[in-house]
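So the structure is just underneath, and the comments pick up after that.
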DNA sequence: TTTCATGTAACAATAATAGTTACGAAGCGC
DNA sequence: GCGCTTCGTAACTATTATTGTTACATGAAA
């Protein structure tokens with residue numbers, strides 16, 4: 001199966017938006033993400049519905065943030081994307097009749113649930129402002145490296 | 001995409017084996033797992049190569065453990081299965097040229113890596129004996145419930 | 001009113017998992 | 001040795017989720 005890259009992709013898009021003053025069109029972002037404008041709109045639609053970004057049509061239109069970067073957590077983004085399945089590994093049957101399988105599912109399920117909770121806490125504690133800061137440090141180091 | 005259920009499936013199979021004295025054939029296990037004998041062999045092959053189980057052909061053949069349940073961790077099983085991808089979510093590009101994307105990948109990748117480490121530690125600390133004990137407690141409760 | 005841009009449905013392409021068929025090789029019992 | 005059982009494996013199909021593409025409608029600015 002292909003892995004779900006929507007979270008990474010949308011964060012990539014948002015970081016490009018964060019580096020600009022004016023709205024970016026879906027075509028602009030598609031170019032950055034090396035994908036299609038329709039894919040961009042499809043993904044960003046969730047964020048728009050969640051009130052994280054806003055879109056405008058026509059001349060001068062495009063995507064912009066609806067609130068400050070520091071007030072948008074990665075968890076907000078994740079939720080806005082429809083809380084995609086985190087784990088690729090999982091049970092064979094959701095509600096097994098076999099008692100042995102129920103037991104296995106419980107043990108594995110608990111372990112996955114705990115790991116997911118930790119991941120979500122990490123997402124909740126990271127804002128887009130943090131991401132942008134991380135990027136600016138890296139960019140500075142990069143410039144120092146090459147210059 | 002379908003989720004990877006090999007870990008759950010193989011644990012289910014092993015727990016059935018743990019409840020028996022004699023080897024179980026791939027057909028037996030396929031019946032338990034509601035799947036195909038070939039799928040069972042394909043999955044168990046990794047465990048055999050890792051020295052966790054042994055297989056015998058012909059009359060009286062089938063699958064049996066190569067060492068005590070208490071000496072087999074879930075991590076051993078996971079590794080024997082070829083360390084399948086844990087997360088369904090992941091980066092769009094493994095080695096992006098875009099510095100913004102690199103930054104995003106680093107932040108998300110670190111979060112996933114930490115969550116994965118915790119999951120692996122949990123797997124390492126759980127043996128098949130633990131799983132079997134958990135099952136026996138559940139089975140006892142179940143009997144008390146119905147009887 | 002023309003152009004730009006989003007909104008969305010429908011369809012195609014891609015990729016991973018799981019299931020199936022077919023055949024070969026090895027082991028046990030008679 | 002013969003036949004039955006059972007694993008070993010390759011090749012193919014089926015299913016499903018993600019992603020990409022095409023097409024067309026809608027709305028806003030110049």
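Chains as they are written, first to last, in my numbering: chain A, 1 to 147; chain B, 1 to 147. The beta-carbon is built from N, C-alpha and C at its ideal position, and this holds for glycine as well.
>> Taking only three categories from DSSP, how would you classify residue 24 of chain A?
In response: Residue state, collapsed to three classes: strand.
>> Taking the alpha-carbon of residue 46 of chain B as reference, which of B/77, B/129, B/22, B/86 has the nearest alpha-carbon?
In response: Closest option to residue 46 of chain B, judged by alpha-carbon separation, among B/77, B/129, B/22, B/86: B/77.
>> I need the DSSP call for residue 148 of chain A, collapsed to helix, strand or coil.
In response: In the structure as shown, chain A starts at 1 and stops at 147, and residue 148 of chain A therefore has no counterpart that could be examined.
> Just reading off the alpha helix (DSSP H) that residue 123 of chain B is part of, what are its end residues?
Replying inline: Where residue 123 of chain B is concerned, the enclosing alpha helix (DSSP H) stretches over 99-124.
>> Whether or not the region 5-18 of chain A and the region 85-99 of chain B are in contact is what I'm after, with contact meaning three or more pairs of Cβ atoms, one per stretch, closer than 8 Å; do they touch?
In response: Result yes; three or more Cβ-Cβ pairs closer than 8 Å.
> Can you find a C-beta in chain A that's less than 8 Å from the C-beta of residue 103 of chain B?
Replying inline: For residue 103 of chain B, the answer is yes, since a Cβ of chain A falls inside 8 Å of its Cβ.
> Beta carbon of residue 53 of chain B, beta carbon of residue 44 of chain B: below 8 Å?
Replying inline: Cβ atoms of residue 53 of chain B and residue 44 of chain B: closer than 8 Å.
> Do the region 114-124 of chain B and the region 23-38 of chain A touch if we need at least three Cβ pairs shorter than 8 Å?
Replying inline: Too few Cβ pairs lie closer than 8 Å, so no.
>> Is there a Cβ of chain B sitting closer than 8 Å to that of residue 15 of chain A, yes or no?
In response: Using a CB distance cut-off of 8 Å, residue 15 of chain A counts as an interface residue toward chain B.
>> Tell me the residue span of the beta strand (DSSP E) that contains residue 46 of chain B.
In response: Where residue 46 of chain B is concerned, there is no enclosing beta strand (DSSP E), although the alpha helix (DSSP H) it sits in stretches over 37-49.
>> Relative to the C-alpha of residue 112 of chain B, which candidate in A/12, A/61, A/117 has its C-alpha closest?
In response: Of the candidates A/12, A/61, A/117, A/117 places its Cα closest to the Cα of residue 112 of chain B.
>> Among A/96, A/140, A/132, A/29, whose alpha-carbon lies nearest the alpha-carbon of residue 12 of chain B?
In response: Ranking the options by Cα distance to residue 12 of chain B, first place goes to A/96.
> How many Å lie between residue 130 of chain A and residue 109 of chain B at the Cα?
Replying inline: Distance between the alpha carbons of residue 130 of chain A and residue 109 of chain B: 15 Å.
> Just checking, does the region 97-104 of chain A make contact with the region 9-29 of chain A on the three C-beta pairs under 8 Å criterion?
Replying inline: Of all C-beta pairs linking the region 97-104 of chain A to the region 9-29 of chain A, fewer than three are shorter than 8 Å, placing the two stretches out of contact.
> What is the residue span of the beta strand (DSSP E) that residue 65 of chain A lies within?
Replying inline: According to the DSSP assignment, residue 65 of chain A belongs to the beta strand (DSSP E) that extends over 62-65.
> For residue 77 of chain A, does the three-state DSSP call read helix, strand or coil?
Replying inline: Helix.
> From residue 23 of chain B to residue 74 of chain A, what distance separates their C-alpha atoms?
Replying inline: Pairing residue 23 of chain B with residue 74 of chain A, the inter-Cα distance amounts to about 50 Å.
> If you draw a straight line from the alpha carbon of residue 49 of chain B to that of residue 68 of chain B, how long is it in whole angstroms?
Replying inline: Annotation: residue 49 of chain B to residue 68 of chain B spans about 17 Å, alpha carbon to alpha carbon.
> Name the DSSP beta bridge partners of residue 127 of chain A, please?
Replying inline: The partner list for residue 127 of chain A (beta bridge, DSSP) reads A/73.
>> Assuming contact is defined by CB atoms lying nearer than 8 Å, are residue 128 of chain B and residue 14 of chain B in contact in what I supplied?
In response: Yes.
> Between the Cα of residue 139 of chain B and the Cα atoms of A/133, A/98, A/79, A/145, which residue gives the shortest distance?
Replying inline: For residue 139 of chain B, the closest of A/133, A/98, A/79, A/145 by C-alpha to C-alpha distance is A/98.
> If you draw a straight line from the C-alpha of residue 41 of chain B to the C-alpha of residue 20 of chain A, how long is it?
Replying inline: Spanning the two alpha carbons is a distance of roughly 56 Å.
> Since residue 64 of chain A contacts residue 17 of chain A with CB under 8 Å, what's their CB separation in whole angstroms?
Replying inline: Indeed, because the Cβ distance is near 7 Å, the residues count as touching under 8 Å.
> For residue 82 of chain B, which residues of its own chain have a beta-carbon under 8 Å away from its beta-carbon, when the five flanking residues on both sides are left out?
Replying inline: Contacts found: 46.
> Taking the C-alpha atoms as reference points, what is the distance between residue 144 of chain A and residue 137 of chain A?
Replying inline: Whole-angstrom Cα-Cα distance: 11 Å.
>> Short of 8 Å in beta carbon distance, which residues of its chain neighbour residue 62 of chain B, apart from the five on each side in sequence? Order them along the chain.
In response: Closer than 8 Å at the Cβ level, and outside the excluded window around residue 62 of chain B, lie 22, 23, 24, 25, 26, 28, 55, 56.
> Where does residue 70 of chain B land, buried or exposed, given buried means 16+ other C-beta within 10 angstroms?
Replying inline: Residue 70 of chain B comes out exposed.
> Residues in its own chain within less than 7 Å of residue 132 of chain A by CB, not counting five upstream and five downstream?
Replying inline: Excluding residues up to 5 positions away in sequence, 15, 18, 69 lie with their Cβ nearer than 7 Å to the Cβ of residue 132 of chain A in the same chain.
> Roughly how many whole angstroms lie between the Cα atoms of residue 85 of chain A and residue 135 of chain B?
Replying inline: Distance between the alpha carbons of residue 85 of chain A and residue 135 of chain B: 27 Å.
> Is the Cβ-Cβ distance between residue 9 of chain A and residue 115 of chain B less than 8 Å?
Replying inline: No, these two residues do not count as a Cβ contact at 8 Å.
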